[in-house]
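Undergrad: Residue numbers (my numbering), protein chains in the order written: chain A, -14 to 120; chain B, 83 to 159.
This is the structure I have questions about; it appears just below.
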């Protein structure tokens, strides 16, 4: 049975983007539909103009070890995992229309990986009867 | 008699091997056999979960010195 995973991506720090990539990619490999709703400062990861995502202060010391370990284990970046999952599966990325309005952003300001700008109602309707994660 | 497809996902970490497996599965047919080679320690449980969900059969799981080898009979496409 095909499943459905919906992720509310809220956090804007690098450590939280890794599970976004891993879970989307694993769900997509299982044949599940994946909907990602980007809101809050997670928006920073989906801008066309890229800036490195920050690490939370309490884990800053561990960031180099994390990065080194990811390299050693051939772990792809969260962005590449998402991109690959989108290319091979049914993965959609939506940016929250409220956040887009607050920061005065149009689809043109966002990374091409983003499918659309939608409101909370659309996301909740899409997420209905599936698994929902808040990251 | 179907094809035997070897998926070499050694050195790839979670969820890499399952992503590689699902890619091969997309091009496979019922009757084919996929042989997945991996080093990620989560791959045994993950492949069993994948097989259960996609309704395919794990034929065997073996470990040799440098890899885990999982043989999957493709029974459902």
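All residues carry an ideal CB built from backbone N, CA and C; glycine is no exception.
1. Is residue 70 (chain A) near residue 9 (chain A), with beta carbons less than 9 angstroms apart?
2. How many Å lie between residue 11 (chain A) and residue 129 (chain B) at the Cα?
3. Within 9 angstroms (strictly less), CB to CB, does residue 127 (chain B) reach chain A?
4. Is the distance from the Cβ of residue 91 (chain B) to the Cβ of residue 120 (chain B) below 9 angstroms?
5. Taking 9 angstroms as the CB-CB limit, is residue 7 (chain A) close to chain B?
6. Out of A:19, A:62, A:116, A:13, which one is the CA nearest neighbour of residue 79 (chain A)?
7. Spell out the partners DSSP gives residue 38 (chain A) in its beta bridges.
8. Count the CB pairs spanning the stretch 23 to 37 of chain A and the stretch 79 to 95 of chain A that are closer than 8 angstroms, and state whether there are at least three.
9. Determine the extent of the alpha helix (DSSP H) in which residue 101 (chain A) is found, giving its start and end residues.
10. Can you pull the chain A neighbours of residue 105 (chain B), defined as C-beta to C-beta under 7 angstroms?
11. From A:110, A:62, A:14, A:97, pick the residue whose C-alpha is nearest to that of residue 0 (chain A); which is it?
12. Would you mind stating whether residue 151 (chain B) and residue 142 (chain B) have Cβ atoms separated by less than 9 angstroms?
TA: Checking against the coordinates, here is how it stands:
1. Indexing the first chain from 1 puts residue 70 (chain A) at position 85. Indexing the first chain from 1 puts residue 9 (chain A) at position 24. Contact flag set, yes.
2. For the purposes of this step, residue 11 (chain A) is identified with residue 26 of the first chain, where counting begins at 1. For the purposes of this step, residue 129 (chain B) is identified with residue 47 of the second chain, where counting begins at 1. So the alpha carbons of these two residues sit roughly 11 angstroms apart.
3. For this step, residue 127 (chain B) is matched to residue 45 along the second chain. No, because no Cβ of chain A sits closer than 9 angstroms to the Cβ of residue 127 (chain B).
4. As a position in the second chain, residue 91 (chain B) is number 9, starting the count at 1. As a position in the second chain, residue 120 (chain B) is number 38, starting the count at 1. It is a contact, given that the beta carbons lie within the stated cut-off.
5. As a working mapping, residue 7 (chain A) is identified with position 22 in the first chain. Interface residue, yes.
6. Start at 1 with the first residue of the first chain, and residue 79 (chain A) comes out as number 94. If we check each option's Cα against that of residue 79 (chain A), A:19 comes out closest.
7. Position 53 of the first chain holds residue 38 (chain A). Residue 38 (chain A) is not bridged to any residue.
8. yes
9. Translated into the one-based positions of the first chain, residue 101 (chain A) becomes position 116. Residue 101 (chain A) -> not in any alpha helix (DSSP H); beta strand (DSSP E) instead, spanning 101 to 103.
10. Here residue 105 (chain B) is taken as the residue at index 23 of the second chain, counted from 1. Result: 73.
11. Counted from its first residue, the first chain places residue 0 (chain A) at position 15. The option with the nearest alpha carbon to residue 0 (chain A) is A:62.
12. Stepping through the second chain from its first residue, residue 151 (chain B) is reached at position 69. Stepping through the second chain from its first residue, residue 142 (chain B) is reached at position 60. It is a contact, given that the beta carbons lie within the stated cut-off.
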